[in-house]
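**Student:** Here it is, the structure in full.
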Amino acid sequence: MNNLLVFPLLIPLCTAILLLFFKNQVRLQRWISAIGMLLQITVSCLLAFQVRAEGVQVLHMGGWIPPYGIVFVADMLAVLLVLTASLVSAFCLFYSFGTIGKERERYYFYPFFQFILVGINGSFLTGDLFNLFVCFEVMLISSYALIVLGGTRRQLRETLKYILINILSSTLFVAAVAYLYGVVGTLNMADLSVKIAEAGQSGILHVIALLFMIVFSLKAGLFLFFWLPGSYGAPPAAVTALFAALLTKVGIYALLRTFTLIFHTDLAITESWIKWMAIATMLLGAFGAVAYQDIRRIMNYNVVISVGFIALGLAVSSKASLDGAVFYLLHDMLGKALLFILGGLIIQASGTDGLQHMGGLIKRYPLMGWLFLLATLAIAGIPPFSGFTGKLLLLQGGLQKGEYVLTAVALASSLIVLYSLIRIFMAAFWGEEKRELDQMPLLSNKLLLPAVGLSVLVIGMGLGSEAVYGWVSVAGDTLLHPATYIDAVLKE
Amino acid sequence: MELYMSLTIGVLFAVGVYLILSKSLLRIILGTSLLTHGVHLLLLTMSRLKTGSAPLLGEEAAAYVDPLPQALILTSIVISFGVTSFFFVLAYKAYQKLGTDDMEQLRGKDDE
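Going down the list, the protein sequences come from chains A and B. If you're matching positions, the first sequence starts at 29 in the numbering used here and goes up one per residue. If you're matching positions, the second sequence starts at 79 in the numbering used here and goes up one per residue.
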């Protein structure tokens with residue numbers, strides 16, 4: 029029992045409720061949400077150190093012993109994700125201070141921001157499938173609000189589709205939960221794992237596993253990503269950065285959890301499905317990233333590619349590849365937030381998102397240019413930065429298991445990532461200054477601070493790979509040997 | 079009893095899917111709502127139907143119904159209620175601003 033586990037939910041929840049009372053005091057709202065974020069980071073750091081020192085932490089809500097009550101479980105993977113999510117969202121919050129605009133701030137932007145964190149942290153920490161659904165919904169409902177807040181024509185149009193897709197996938201989620209409950213009679217993840225291992229994975233359980241795969245793939249944008257490029261292009265950059273960094277990752281986390289913990293006995297069918305879906309995701313994402321001329325779409329397709337890349341780790345699921353998947357997941361959260369923040373600044377500075385209308389920004393904003401180059405290199409996985417280690421582990425895992433096609437596609441897609449982002453860099457920062465640029469207001473350097481902070485983290489994670497790997501390796505071990513997780517939850 | 083429930087669930091799913099595939103936004107929302115009702119009934123049926131029994135009267139009771147699915151359905155109903163009302167408001171707002179509720183016309187490239 030460890031009561032600290034509930035704080036990553038409780039802090040943003042209380043902050044959000046407090047924020048609701050200060051509708052018109054925008055300054056005060058900023059201070060309160062910043063303090064909330066700092067508290068959250070502190071608590072998740074504490075949790076991470078506890079998990080490192082004492083192993084998996086469990087909280088039985090209300091003292092009900094599993095499989096009956098609600099459990100919260102913090103293993104290394106969940107804790108690392110919570111910590112990274114709090115860091116990333118803190119930077120997105122600081123970025124939104126300068127860019128989101130008075131109107132949105134007054135209409136409850138900050139409370140929704142905190143509510144979405146409640147859902148995200150809850151999804152990472154819960155040890156129960158139905159609670160996963162509830163936390164998903166908390167996260168999704170706040171994301172509907174954030175994506176449509178401001179109500180431009182484009183936002184309204186894209187939100188309609190986004191909501192529809194998510195309602196459908198939530199419905200399928202409940203149906204899958206219903207079937208699973210009918211077959212196994214429990215929803216606690218650890219208990220499910222034990223009971224499914226005892227019963228053997230029969231035909232009906234395969235169907236349920238595939239149903240879960242469809243649901244989580246829809247949320248993660250693994251192969252079923254058709255809704256993603258449009259809806260992520262609609263809201264302002266601060267919101268898109270948050271979504272790109274966190275929302276799809278929650279789906280990936282659910283996939284990792286389901287197929288390493290719950291349905292881990294017989295992986296032959298699901299693994300081959302995930303493998304082909306990962307290949308298709310990387311290829312289609314790469315086509316999209318090359319095909320478009322506007323920054324937002326190129327960046328959105330980069331999100332898709334990285335989802336495929338992380339799914340590679342799950343498809344191979346050896347020690348090296350699972351470590352790689354976790355490492356790359358953490359790196360990608362930081363990297364994508366950095367990329368989208370800078371992308372938003374480029375659009376703001378040049379007043380357009382079409383590559384053909386940009387040029388010559390480097391003279392006005394040298395720091396922004398070099399940060400963007402750094403982000404590009406980091407995401408493509410060039411050695412001193414954080415992407416390299418994760419990528420190396422993933423590819424190593426793929427080659428060890430003899431998955432040559434998968435590894436080749438992954439390598440090729442990395443090249444496309446590099447190409448598509450360098451193309452943005454060249455078009456936006458090189459060349460002649462466009463005449464319209466003179467009419468654009470000069471951005472203050474203060475807006476770059478969150479990007480600088482994230483870059484420091486990205487470089488730090490790259491240079492300190494050895495230390496980070498020590499933590500990631502623990503997470504990989506828990507994924508590979510679910511017995512640690514199960515023992516911690518059930519035997520107490 | 080299970081047979082009737084399965085038929086009901088099947089009909090709800092069929093009607094729901096049919097409505098979701100139509101063009102008008104209002105029909106789509108009704109479709110999602112029917113679909114969630116179908117899923118709730120599915121959840122209820124999956125925990126074995128015992129007509130007339132109350133959930134958990136104590137361990138000596140002759141027959142009792144598993145209370146967990148009922149709690150789950152309650153949660154799910156609340157969530158779907160919230161989402162549906164949000165969807166309705168959004169649809170109304172979108173109709174006011176975009177001037178159409180036809181999904182075909184809402185496809186749109188990045189014209190803004």
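Idealized CB from N, CA, C, for every residue including glycine.
Tell me which residues of the region 124 to 144 of chain B have at least one Cβ-Cβ distance to chain A shorter than 9 Å, keeping chain order.
**Tutor:** Cβ contacts with chain A come from 124, 125, 126 and 144.
**Student:** For residue 403(A), which option in 424(A), 452(A) and 434(A) has the closest C-alpha, if you only look at C-alpha atoms?
**Tutor:** Answer by Cα proximity: 452(A).
**Student:** With three or more C-beta pairs closer than 8 Å as the rule, is the region 151 to 164 of chain A touching the region 94 to 107 of chain A?
**Tutor:** These segments touch.
**Student:** For residue 117(B) and chain A, any beta-carbon pair shorter than 8 Å?
**Tutor:** Taking Cβ atoms only, chain A reaches closer than 8 Å to residue 117(B), which makes this a yes.
**Student:** Quick one: what's got a C-beta closer than 6 Å to residue 48(A)'s C-beta in the same chain, skipping five residues either side?
**Tutor:** Closer than 6 Å at the Cβ level, and outside the excluded window around residue 48(A), lie 139.
**Student:** On the three-state DSSP scale, how would you describe residue 133(B)?
**Tutor:** Three-state DSSP puts residue 133(B) in a strand.
**Student:** Whole alpha helix (DSSP H) runs in the region 32 to 65 of chain A with 4 or more residues, listed along the chain?
**Tutor:** Whole alpha helix (DSSP H) segments, 4+ residues: 35 to 47.
**Student:** Roughly how many angstroms lie between the CA atoms of residue 353(A) and residue 198(A), to the nearest whole one?
**Tutor:** When rounded, the distance between both Cα atoms is 25 Å.
**Student:** Roughly how many angstroms separate the alpha carbons of residue 186(A) and residue 143(B), rounded to a whole number?
**Tutor:** Straight-line Cα distance between these residues: approximately 43 Å.
**Student:** Could you tell me whether the region 335 to 353 of chain A touches the region 316 to 323 of chain A, where touching means 3 or more Cβ pairs closer than 8 Å?
**Tutor:** Because the criterion of three Cβ pairs below 8 Å is not met, the region 335 to 353 of chain A and the region 316 to 323 of chain A do not touch.
**Student:** With a cut-off of 8 Å, does the C-beta of residue 157(B) fall near any C-beta of chain A?
**Tutor:** Closer than 8 Å: yes.
**Student:** When you compare the CB of residue 42(A) with every CB in chain B, is at least one pair closer than 8 Å?
**Tutor:** Judged by the 8 Å Cβ criterion, residue 42(A) is not in contact with chain B.
**Student:** Taking the alpha carbon of residue 46(A) as the point to measure from, which residue in 372(A), 132(A), 210(A) and 63(A) has its own alpha carbon closest?
**Tutor:** Minimum Cα distance to residue 46(A) is reached at 63(A).
**Student:** What number of angstroms, rounded off, separates the C-alpha of residue 109(A) from the C-alpha of residue 128(B)?
**Tutor:** In a straight line, the C-alpha of residue 109(A) is about 43 Å away from that of residue 128(B).
**Student:** Alpha carbon to alpha carbon, what distance is there between residue 170(A) and residue 177(B)?
**Tutor:** The straight-line gap from Cα to Cα measures roughly 26 Å.
**Student:** Which residues does DSSP pair with residue 219(A) in a beta bridge?
**Tutor:** None; residue 219(A) has no bridge partner.
**Student:** Report buried or exposed for residue 180(B), applying the criterion of at least 16 other Cβ atoms within 10 angstroms of its Cβ.
**Tutor:** Per the 10 Å Cβ criterion, exposed.
**Student:** Suppose you measure from the CA of residue 374(A) to the CA of residue 449(A); what does that come to, to the nearest Å?
**Tutor:** Computed Cα separation, rounded: 13 Å.
**Student:** Note down the Cα distance separating residue 71(A) from residue 316(A), rounded to an integer number of angstroms.
**Tutor:** Between residue 71(A) and residue 316(A), the C-alpha separation is close to 39 Å.
**Student:** Since residue 158(A) meets chain B, which of its residues come closer than 7 Å, beta carbon to beta carbon?
**Tutor:** Near residue 158(A) (Cβ distances below 7 Å), the residues of chain B are 150.
**Student:** Beta carbons nearer than 7 Å to chain B: which residues of the region 123 to 143 of chain A have them?
**Tutor:** Correct list: empty, as no residue qualifies.
**Student:** At the level of alpha carbons, what is the spacing between residue 510(A) and residue 218(A)?
**Tutor:** Looking at the two C-alpha atoms, the distance is approximately 8 Å.
**Student:** Taking the alpha-carbon positions, what's the residue 303(A) to residue 503(A) distance?
**Tutor:** Taking the straight line joining both Cα atoms gives about 22 Å.
**Student:** Does the region 329 to 347 of chain A touch the region 418 to 426 of chain A, meaning 3 or more C-beta pairs lie closer than 8 Å?
**Tutor:** Yes: the two stretches touch, three or more of their Cβ pairs being nearer than 8 Å.
**Student:** When the cut-off is 8 Å and only beta carbons count, does residue 92(B) lie next to chain A?
**Tutor:** Judged by the 8 Å Cβ criterion, residue 92(B) is not in contact with chain A.
**Student:** Considering Cα atoms alone, identify which of 65(A), 89(A), 103(A) and 69(A) is closest to residue 82(A).
**Tutor:** The residue with the shortest Cα to Cα distance from residue 82(A) is 103(A).
**Student:** Compute the Euclidean distance between the alpha carbons of residue 138(B) and residue 244(A), then round it to the nearest angstrom.
**Tutor:** Using only the alpha carbons, I get a separation of about 41 Å.
**Student:** Tell me, to the nearest whole angstrom, how far the beta carbon of residue 175(A) is from that of residue 262(A); I am working on the premise that it is less than 8 Å.
**Tutor:** That belief holds up - the Cβ atoms of residue 175(A) and residue 262(A) are roughly 6 Å apart, short of 8 Å.
**Student:** Determine the contact status of residue 29(A) and residue 87(A), defining contact as a CB-CB distance below 8 Å.
**Tutor:** Contact: yes.
**Student:** With C-beta atoms as the reference, is residue 250(A) less than 8 Å away from residue 309(A)?
**Tutor:** Contact: yes.
**Student:** So, at 8 Å on beta carbons, what are the nonlocal neighbours of residue 69(A) in its own chain, with the 5 sequence-adjacent residues on each side left out?
**Tutor:** Hits under 8 Å: 111, 114, 115 and 118.
**Student:** For chain A, check one thing: does any of its Cβ atoms lie closer than 8 Å to the Cβ of residue 101(B)?
**Tutor:** Not one chain A Cβ lies under 8 Å of residue 101(B).
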